[in-house]
Structures are given as C-alpha cells and as structure tokens.
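Just below is one structure, and these are the notes that go with it.
Numbering (our numbering), first residue to last: 793 to 959.
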C-alpha cells in the first residue's frame with residue numbers, strides 16, 4: 793500500500809471510532825447501571841460461592857474488588873433509600889439536589905471509611921477466616937444504612953411522627 797492509501801484508511805478508522813464513541817459511552821453507562829442495580833445480589837451471592845469454591849488467590853482478588861467497588865454500590869443504594877421520602881413529599885429544586893449530594897457524599901465517606909478501617913485492622917487481616925471477612929466487610933458497607941435508621945428513629949422519638957419520613 794502506498795502512503796496515501798494508508799492515510800485514507802487511518803482517516804476512515806478514526807472516523808468510525810469517532811462515530812461509534814457515543815454508542816460505547818452508552819454501552820458502558822448501561823453496564824455500570826446494571827452492576828449497580830444488581831450489586832446487592834452480587835455482594836450477597838459471590839462471597840458465599842467464593843468461600844466455598846474459590847482458591848486463595850481468587851479470594852484475595854475478590855476481597856480487593858469487594859473493598860474497592862463496594863462503597864460505590866453502597867452509596868448508590870444509600871442515595872436511593874435516603875432520598876425516596878423527600879422525593880415522595882414533593883421536594884424539588886436546588887435544595888433537594890444539595891440534600892441529595894450531601895447524602896451521596898455522606899454515604900460514600902462513611903462506607904469507604906468503614907471499609908478502610910475494617911480491611912486494614914490487624915486482627916481482621918490475619919486472624920479472621922474468609923467467611924468472617926466477607927461478613928464483616930458487608931456490615932462495614934451497610935454502616936451508612938444503620939446510621940440512617942438510627943437518625944430516623946431519633947427523629948421519630950424526639951421530633952414526632954410528622955418528621956419521621958424525612959432525612
């Protein structure tokens with residue numbers, strides 16, 4: 793091939809990659825959405841199967857994946873659970889978005905910090921078996937939900953029934 797033909801083929805390949813870029817973005821967004829929606833089932837089923845059937849090398853990798861992706865999936869579901877009552881009350885606008893962003897930041901920071909402190913604890917790393925590790929990691933990921941439940945319970949006890957459906 794001469795250089796002109798090769799340049800035309802390279803230009804054609806670049807044009808095709810540019811034209812299909814939005815489709816790749818949509819496909820990756822769909823895959824992430826599917827992962828986030830299925831995350832509770834994945835994080836409940838995979839550790840049980842891993843402890844039973846996986847080799848130590850695979851379990852080590854699953855622990856890292858669980859620790860890195862877990863806070864993101866936990867934050868996604870925390871945001872949904874925390875903001876549904878506000879959305880059902882008809883809250884809209886900038887205040888609702890700030891409240892949702894604050895809930896998202898709170899859920900991620902608490903979940904990631906709990907997972908970090910759990911995973912770097914000496915006793916957990918060296919003395920716990922794999923089943924106990926995955927159970928403790930799941931509880932660390934669920935810590936924002938526990939704090940939200942305590943917050944809502946305290947609001948019902950001290951403020952009254954009318955404030956019970958808010959954050």
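Just so you know, even glycine gets a beta-carbon here, dropped at the ideal spot from N, CA and C. Treat the numbers as computed from the prediction; the structure is a model and nothing was measured.
- In angstroms, rounded to a whole number, what distance separates the CA positions of residue 912 and residue 919? Taking the first residue of the chain shown as 1, we reach residue 912 at position 120. Taking the first residue of the chain shown as 1, we reach residue 919 at position 127. One C-alpha to the other measures close to 12 Å.
- Query: Taking the alpha-carbon positions, what's the residue 941 to residue 812 distance?
  - Reply: The residue given as residue 941 occupies position 149 in the chain shown. The residue given as residue 812 occupies position 20 in the chain shown. Going by the C-alpha atoms only, they are around 45 Å apart.
- Task: Identify every run of the alpha helix (DSSP H) within the stretch 843-908, keeping only runs that are complete inside it and at least 4 residues long; order them along the chain.
- Result: 848-880
- Kindly indicate which three-state DSSP category residue 838 falls into: helix, strand or coil? Looking up residue 838 in the chain shown gives position 46. Of the three classes helix, strand and coil, the one that applies to residue 838 here is helix, per DSSP.
- Task: Report yes if the CB atom of residue 863 is closer than 8 Å to the CB atom of residue 903, and no otherwise.
- Result: Start at 1 with the first residue of the chain shown, and residue 863 comes out as number 71. Start at 1 with the first residue of the chain shown, and residue 903 comes out as number 111. Yes. Within cutoff.
- Message: On a Cα-Cα basis, can you pick out the residue from 819, 933, 850 and 865 that is closest to residue 830?
- Response: As a working note, residue 830 is residue 38 in the chain shown. Of the listed residues, the one whose Cα sits closest to residue 830 is 865.
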